[in-house]
Amino acid sequence: MNSISMSCKLPTSERETRSLDGGVLMRSVGISGTYRHEFGHAVEDQLFTKEEKDGVSRLWKKLEDDNNKSGGFGSDSMKKQGGRVVSEYAIKNSMELVAEMFCEMAKGKTYPDTFCPEVQAPIKRILFGGK
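As structure tokens, this is what we get:
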């Protein structure tokens with residue numbers, strides 16, 4: 035009988051590694067978090083309307099413009115809205131921002147209403163119903 039040995043162990047629970055200032059540098063979300071994140075990509079692709087996708091694109095363009103002016107990605111737009119409330123990975127690109135926010139919101143996290151409403155509104159519509 036042949037057996038297959040897995041040399042890779044995926045974390046099964048969430049753990050955070052924090053920076054000296056208390057910000058989250060890295061979050062290990064385990065298997066369920068990985069599924070939620072990847073499902074977030076499918077949700078954006080399949081369930082966001084064209085208008086919602088366009089809104090996310092406009093938001094991302096504004097964040098990129100702020101980055102070019104300030105020298106730190108999202109340091110103006112995101113930090114003015116309550117500090118670093120998303121993971122570092124979320125600011126890689128607009129798709130990762132949506133997937134990371136979906137992952138957290140599906141788990142019950144809430145964000146200030148003024149934080150990335152172009153991303154929050156469609157996620158809330160999909161997760162909780164509404165317009």
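Residue 35 is where the sequence shown starts when you use our numbering, and the numbers rise one by one after that. Built from N, CA and C at the ideal position, the CB exists for glycine as well.
- Residues G74, E78, V90, V153 of the same chain have their beta carbon placed closer than 7 Å to that of V132, with the five preceding and five following residues left out of the count.
- Secondary structure note for A133: its alpha helix (DSSP H) is the uninterrupted segment 128-140.
- Per the coordinates, the alpha-carbon of C150 lies some 15 Å from the alpha-carbon of E85.
- Contact check for Y123 against E138 fails: the beta carbons are separated by 8 Å or more.
- Going by DSSP, D147 is part of no alpha helix (DSSP H) at all; its letter is neither H nor E.
- Taking each of G164, M129, P156, Y145 in turn and checking the Cα distance to F82, the smallest one comes out for P156.
- Burial state of A76 is exposed, judged by a 10 Å Cβ sphere holding fewer than 16 other Cβ atoms.
- Burial of L97 is indicated by the presence of at least 16 other C-beta atoms within 10 angstroms of its C-beta.
- In the displayed model, F82 falls within coil according to three-state DSSP, outside both helix and strand.
- Annotation for E152: the continuous alpha helix (DSSP H) segment containing it runs 151-162.
- Apart from sequence neighbours up to five positions away, the residues of its chain that approach V119 with a beta-carbon distance below 7 Å are Y145, F149, ordered along the chain.
- Within the model, the alpha-carbon separation for W94 versus T68 is close to 23 Å.
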